[in-house]
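Protein chains in written order, with the numbering used here: chain A, 1049 to 1303; chain B, 2 to 675.
Note that beta-carbon positions come from the ideal geometry of N, C-alpha and C, so glycine has one too.
The next block holds one structure in the form of structure tokens; read it before the comments.
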Amino acid sequence: MTILEVQNLGKIYMGRFGANQVKALANVSFSVEKGEYVAIMGESGSGKTTLLNLLAAFDKPTSGKVLLEGRDLAAIQEEELAAFRRDSLGFVFQDFNLLDTFNLRDNIFLPLVLAGKGYVEMAERLQPIARKMGITDILNKYPYEVSGGQKQRAAVARAVITAPRLLLADEPTGALDSRSSDGLMDLFSELNREGQTILMVTHSTKAASHAGRVIFIRDGELFHQIYRGDATNEQMYQKIADTLTLLATGGDGHE
Amino acid sequence: MNKRFYARLARRNLQKNIRSYGPFLLACVLTVCMFFIILALSVSPSLQSMTGANTIQVVIRYGVIVVGLFAVIFIFYTNSFLIRRRKREFGLFNVLGLEKKHLARVIALETLYVALISVGLGLVLGVALAKLLLLTVAKILGIAAPTGFFAGPRLLAATIGITAAFFAGIFLLIFLYSIRQVYVARPVELLQSEHAGEREPKAKWLIALIGLACLAAGYYIAVTTTDVIQALFLFFVAVVLVIAGTYLLFTAGSVALLKLLKKNKRYYYKTRHFTAVSGMMYRMKQNAVGLANICILSTMVLVMISGTSCLMLGMDAALYERYPYDMNISHSDEATIELSKKAVADAGIVPENEAEYSYVNFAAYSQPDGLLVTTDYTFNTESALCDVLVTDLDDYNRCTGQEYDLAPGEILLKVERMKYASDTLELLGRTYTVKEQVEDMVRYGLMTANLTSTCYIVVPDREALTALAAAIASEDVRSSEQYRVDGLYTMQRFYGFDVAGHDEKTALAARLAVRAAWNEALEDEGSDLAGTYECRAWERQDFVSLYGSLFFLGIFLGLLFTMAAILIIYYKQMSEGRDDRERFQIMQKVGMSRLEVKRTIQAQVLIVFFLPLVTAGLHTAFAFPIINRVLALFNLMSSGFYLWCVLGSFGAFAVIYAVVYALTARTYYRLVSM
């Protein structure tokens, strides 16, 4: 079953008074099946973040469509959008985006509180997730009291506690050291094995090598994509590295 | 480096920070302007030439001190806020290679620009407005508009010089403070300083409780103090307690309360409370002192304006209490009264509403069953002191239009500001029977306008009155140092009358006629004239100069404090807007809609904004009883009237406050949603 369908997506940023048009994305199409783990790779400025913003409905496309479970994001009313985002999507950010005024537990509860859930239900939902993330002992701590890896795991807990249909991650390992990165990627793999659909934007080859499929974009266009198949993480890593070399040397991709 | 470079950098810094420096500049300009004006008023020769000038000048000089103190504190406080905000900017300059001494130079230039603009514009505005203000004062005081504000250019120059020097001093002080801020900090600290102090505040229960106790004690004193003399002293105790309580409660109490709310999971984990409670906790940590400042300033504005406007507006009522007739003449010799009557008639003035009675006036200690006349002051309990006036039945019936009868040994009684329950009254060794406690009484200004208890006694006839006067005169009382004056305890004759339509000119003419007659009698007989003549219209000028200048000062300082409160509010909103921006962005990403964000912001801003106003209202309400009693010192007895003044002041202040809220809330929302 297709969860996410991206059709001919394009985004042009306008300078002031219509001058300096910048083409951030052009004619990007792909789809994500339920239970897939997809990584999107590309260099800085390739349009990764623009793509993610469009998928999350933070921004509107200039052309094309994003369908989430067959529903056109552009057709969702502004008032409904926040609730939709809250219920259907989970976000993990590079800089964690945890609120300093809340301890980790309250940070994780935030989307549920916004959805109007009761405390008992929230606590029940939190327990298994916290255990899985290994943060049960530090739930009462504040973001500034814990390490980057712990922060990011709390952020993942916050993203998945609403049981979203799609987990969107924007450079989740970007601010982490290599050990924390590995831990986080293992966590993503585990979540994926349990059926969580994940779409991750990254420029870390290591991180992308955990994914089931890697989509490469360059200059706002879909350049290439590779599937894991039966390959191990190491083999996948090699495949990605080769593609990146091709990308950097300016070869012509398209499978 | 190029000298121009620093100047340009300093200019650009100010321009770039115009949103925070603009209001600061405006406030400085207005402070300079107001200081100049009040200073000019205090030395203005045209005010000196007015009647009651002494009172006015004393009050206004007091105002100069208050405004000066205020200017120092206020400019210093606001500047420290601005510098704190800019530490990051300084750190960046430092990292980019600007040495600290270069930074000091830039700051020096910036301060110089701010000082020049403030003092320059402030003085221009001050000179332009001073004349207007003087006319306003004259109008308030009800005197003819004075011509010419300054005696000459020299006085003007001196006033300008003092103002400029004073503010130059303040700006030098804040320059030194800013420099110190930059010098003690390392660049990394400067860069990070804005992010310091994000730890969740701890609930300090003990301090919160102390604050609560202070506030409760202050309120208790304000509500329960019934004695007027005590009220005046205790008022300041209550003020200090309430100020301390406000600071402690705003800082510790608020956090403690929010912690309590947070512990209640049912309450805390609700969409509306969740972000608000935690957000407020941080807000209170950073802004409690600022909010307490706003609250105290607002309370001062309210108390000052309501109190002084009450005095001003209630002045005539107070005058009528103190001087029941247009002319009030009192003398031990009946012939002098007749003389006065004749003089008034000769002046072509027709007295109306005449009242004439004989009386004896003395002080005594009230006892459960009588009055004790003594000079033994070790007999303390000041509140039992009682002012006594005795008159006889004929005069009483004539003056009040009553038709009472009294048997020998019987009296009529009227007490004020005390209770008298006994049926008999013992006075100077005689026991009288109280026939009735009556409502109507002869009118005697010193009695009605008295702060202590008063007691009127009506004896059956003139003989009884004379006997009483003789009894008092024979007491040891008379021989004591204080009462060496003859005739004080002897029988006096009061004569009061109004002139047609209470016309001031006629009343003053009557006063002159009486004065001339008395002087003449004094020369002719060389007798020891013991008596007074008081003209309400004449005394009114004294009342006007005292109350009017207090009123003017109240409004003047009220405006100044309001301006300060507004500026503090504005800066609070701005700094909070910056802090909150990040938080609200995150919340939007996690699934809060713009509308919800806006609503949350509004709720928080509303609480933070109106908490000081509501608290100020509460303080004013609790201050009401004690201020009411202090006002009694100024002959102002009607509490209903004061109530209206308080309500009016609060209403006006709330409107101004709400307008400022609307304006700053917009700035805040723009900052947050940027």
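* To do: Kindly indicate the opening and closing residues of the beta strand (DSSP E) around B:N1.
  => This structure cannot speak to residue 1 of chain B, because chain B is shown only from 2 to 675.
* **Beta-carbon proximity list for B:R667, same chain, < 8 angstroms, skipping 5 on both sides** => none
* To do: Measure the Cβ-Cβ separation of A:E1084 and A:G1260 and say whether it is below 8 angstroms.
  => yes
* Asked: Whose CA, out of B:R494, B:T665, B:L619, lies closest to the CA of B:M301?
  -> B:L619
* Asked: Is any beta-carbon of chain A found at less than 8 angstroms from that of B:I39?
  -> no
* **Three-state class that DSSP yields for A:F1150 in the structure shown** => coil
* Identify which residue in B:L672, B:R85, B:V416 has its Cα closest to the Cα of B:G371. => B:V416
* Under 7 angstroms by beta carbon: chain B residues contacting A:G1222 -> Near A:G1222 there are no residues of chain B at all, since even the closest Cβ is about 16 angstroms away, more than 7 angstroms.
* Where does B:S384 sit, in a helix, a strand or coil, going by DSSP? -> The pLDDT assigned to B:S384 is 48, lower than 50, so where the model puts this residue is not dependable; a value taken from the coordinates is nonetheless given after this. Residue state, collapsed to three classes: helix.
* Asked: Are three or more beta carbon pairs between the stretch 1110-1125 of chain A and the stretch 1279-1286 of chain A nearer than 8 angstroms?
  -> no
* **Distance between B:M281 and A:E1213 (C-alpha atoms, nearest Å)** => Inspection of the sequence shows that residue 1213 of chain A is occupied by Arg rather than by Glu. Distance between the alpha carbons of A:R1213 and B:M281: 34 angstroms.
* Using the rule of at least 16 other Cβ atoms within 10 Å of the residue's Cβ for burial, across every protein chain shown, is B:R79 buried or exposed? -> Residue identity differs from the one stated: residue 79 of chain B is Thr in this sequence, not Arg. Buried is the call here.
* Asked: For A:S1136, which three-state DSSP category applies?
  -> helix
* **Unbroken alpha helix (DSSP H) run spanning B:A41, endpoints** => 19-44
* Which residues of chain A have a Cβ atom closer than 9 angstroms to the Cβ of B:I657, listed in chain order? -> Near B:I657 there are no residues of chain A at all, since even the closest Cβ is about 32 angstroms away, more than 9 angstroms.
* Asked: Hey, quick one: how far does the alpha helix (DSSP H) through B:N398 stretch, first residue to last?
  -> 394-401
* To do: Determine the contact status of B:Y496 and B:I338, defining contact as a CB-CB distance below 8 angstroms.
  => yes
* Residue range of the unbroken beta strand (DSSP E) whose run includes A:H1272 -> 1269-1275
* Asked: If you draw a straight line from the alpha carbon of A:S1237 to that of A:L1247, how long is it in whole angstroms?
  -> 12 angstroms
* Looking only at its own chain, which residues have a Cβ that is under 7 angstroms from the Cβ of B:A8, when we skip the five neighbours before and after it? -> L110
* Reference B:G430; option with closest CA among B:A472, B:L250, B:I39, B:H503 -> B:A472
* Asked: With 16 as the cutoff for other CB atoms within 10 Å, does B:E577 come out buried or exposed?
  -> buried
* To do: For the stretch 76-91 of chain B, enumerate the residues whose C-beta is nearer than 7 angstroms to any C-beta of chain A, in chain order.
  => none
* Beta-carbon contacts of A:L1129 that lie in its chain and below 8 angstroms, excluding the five residues immediately before and after -> A1105
* Considering only residues of the same chain and omitting the five flanking positions on each side of B:D441, which have a CB-CB separation below 7 angstroms? -> T401, Q403
* Interface residues of chain A facing B:M593 [CB-CB closer than 7 angstroms] -> A1130, L1162
* To do: Step through the CB atoms of chain A and report whether any lies within less than 8 angstroms of the CB of B:Y283.
  => yes
* Cβ-Cβ distance between B:P325 and B:R444 below 8 angstroms -> yes
* Limits of the beta strand (DSSP E) - the one that B:R494 falls within -> 493-499
* Under the rule that 16 or more other beta-carbon atoms within 10 Å means buried, what is B:F6, buried or exposed? -> exposed
* Please compile the residues from chain B whose C-beta is within a distance smaller than 9 angstroms of the C-beta of A:Y1167. => K266, R267, Y269, Y270
* Asked: What does DSSP give as the partner residues of B:C536 in its beta bridges?
  -> B:M328
* Asked: Near B:F651, what residues of its chain come up, given a Cβ to Cβ distance below 7 angstroms and the 5 sequence neighbours on each side ignored?
  -> L303, G618, T621
* To do: Could you check what DSSP says for B:D580 in three-state terms: helix, strand or coil?
  => helix
* **Assigned secondary structure, A:E1219 (DSSP; H/G/I helix, E/B strand, else coil)** => coil
* Select from B:T32, B:A474, B:Y270 the residue whose C-alpha is nearest the C-alpha of A:V1168. => B:Y270
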